[in-house]
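Residue numbers (numbering that gives the first Met the number 0): 0 to 309. Shown next, in structure tokens, is the structure this report addresses.
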Amino acid sequence: MSSHKPKSNNAKQLHPRNLHRHGYDFPALLAHMPSLAEFVAATPQGQPTIDYADPIAVKALNAALLSYHYGIEHWDIPDGALCPPIPGRIDYLHHVAELLGLPEPKTAPESGAAIKMLDIGTGANGVYALLAAKVYGWHCIATDISATSIDNVTRVLHHNPKLQPRIALRLQPDKHKIFEGIIQPDEHFDLSVCNPPFHASAEDALKANRRKVHNLSREQAASHSESPALNFGGSANELWCNGGEKLFLKKMAKESHAFKDQCRWFTSLVSNNDNLKPTEKVLGKLGATKIEVLEMNHGQKITRVLAWRY
């Protein structure tokens, strides 16, 4: 087994391929989607911004970003669903694209049609699959244990017919399973992606969300800086599971072994750095031949993608 130290961007910024590495072009976004103006205010320095502690404002910003930069129209999520940061989500995809040895996407990503991606827990937002299909042209199987989430992504795809041939949605019938019941005997994937539930209980998730909103509001009052790498909202299955992120990663690692010949790279976002070593230890015992830790630096927030293969 080979394992490597985290690969990081020394500039402490988003991936070089990321369209959002220089911040948001609010004038362009407002011209493209005037409804965003309701949530935009000026800092004391005269710079446009939104209240990143307001999930409705973040949702409006996401819809504008997806429409303006990626041509993904009518994106929306139900109240209370996880509202992901677009810069962070596309960053994950750029990093794993490099892991696969793929070049920077062109304006017409038909060359990526041969790549097949499995999105574990796509959520009501479906952003990983939507961006992978749009930016890289990958074919995606997006899964979730929530029928409500699957229905919402279906609605978004209805408004984006060009993406429909590249994205298939599957409901996971057993909430205790990850790959089982999803990967069929004759299927092969180039990679899997996942943003696992972080918290171990609903109470932990609620407390963490309150702290995050409080801290962000305080930081913005002091610095008026943007913080594009945060998540907001989130239904129960999107935010927590028994054992939290640590146990989820252990379960994912163990299940992946049964499908070692059907997926080239398994990957997952890891929010808590303390969960890396225990998961790597499990993977070593399972016979993983290569483990990579891809470090994503989003300003003051560092997250990691754990990738492994057999």
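Note that beta-carbon positions come from the ideal geometry of N, C-alpha and C, so glycine has one too. For clarity, every value in this text was computed on a predicted model and none was experimentally measured.
Item	Value
Cross-strand partners of N296 (DSSP beta bridge)	I301
Cβ contact (3+ pairs, closer than 8 angstroms) linking the stretch 294–303 and the stretch 87–99	yes
Nearest residue (CA-CA) to I166, options P196, Y127 and L190	Y127
Nonlocal neighbours in the same chain, by C-beta distance under 8 angstroms from Y67, ignoring five residues either side	A27, L28, H31 and M32
Within 8 angstroms, strictly: CB atoms of A252 and L282	yes
Residue environment, T302, which counts as buried when at least 16 other CB atoms sit within 10 Å	buried
Cβ distance (whole Å) where D50 is taken to contact A56 below 8 angstroms	5 angstroms
As assigned by DSSP and simplified to three states, the class of M32	coil
Outcome for E333 when other beta-carbon atoms lying within 10 angstroms are tallied against a minimum of 16	With the chain covering only 0 through 309, there is no way to say anything about residue 333.
Segments of 3+ residues assigned as beta strand (DSSP E) that fall wholly inside the stretch 72–129	115–119
Identity of the residues DSSP links to R143 by a beta bridge	Sequence inspection shows Asp at residue 143; the Arg mentioned does not correspond to that position. Answer is L170, bridged to D143.
Endpoints, the alpha helix (DSSP H) within which T278 is located	L275 to L285
Straight-line Cα distance separating S191 from I311	Nothing can be reported for residue 311, as the shown portion of the chain is limited to 0 through 309.
For G45 and A306, the rounded distance between their alpha carbons	42 angstroms
Whole-angstrom distance between L117 and A96, CA atom to CA atom	14 angstroms
Per DSSP, cross-strand counterpart(s) of V352	One cannot answer for residue 352 here, as it falls past the ends of the chain, which runs 0 to 309.
Buried versus exposed call for D360 [16 or more other C-beta atoms within 10 Å across all chains shown]	No answer is possible for residue 360: the residues shown for the chain start at 0 and end at 309.
C-beta contact flag for K250 and N274 at 8 angstroms	no
Cβ neighbour criterion (16 or more within 10 Å) applied to D260	exposed
Inter-residue spacing [alpha-carbon to alpha-carbon] between S35 and L18	Residue identity differs from the one stated: residue 35 is Leu in this sequence, not Ser. Each residue's alpha carbon lies about 19 angstroms from the other.
Where G243 falls, given that 16 or more other Cβ within 10 Å makes a residue buried	buried
Sequence-distant residues of the same chain with beta carbon closer than 6 angstroms to R16, five excluded per side	H93 and E103
Inter-residue Cα distance where the pair is C82 and K58	6 angstroms
Backbone secondary structure at F38 - three-state DSSP	helix
Residue(s) in a DSSP beta bridge with L190	M116 and W264
Reference G22, options E72, F38, P84 and I76, closest by Cα	P84
Separation of D189 from I114, as counted between CA atoms	6 angstroms
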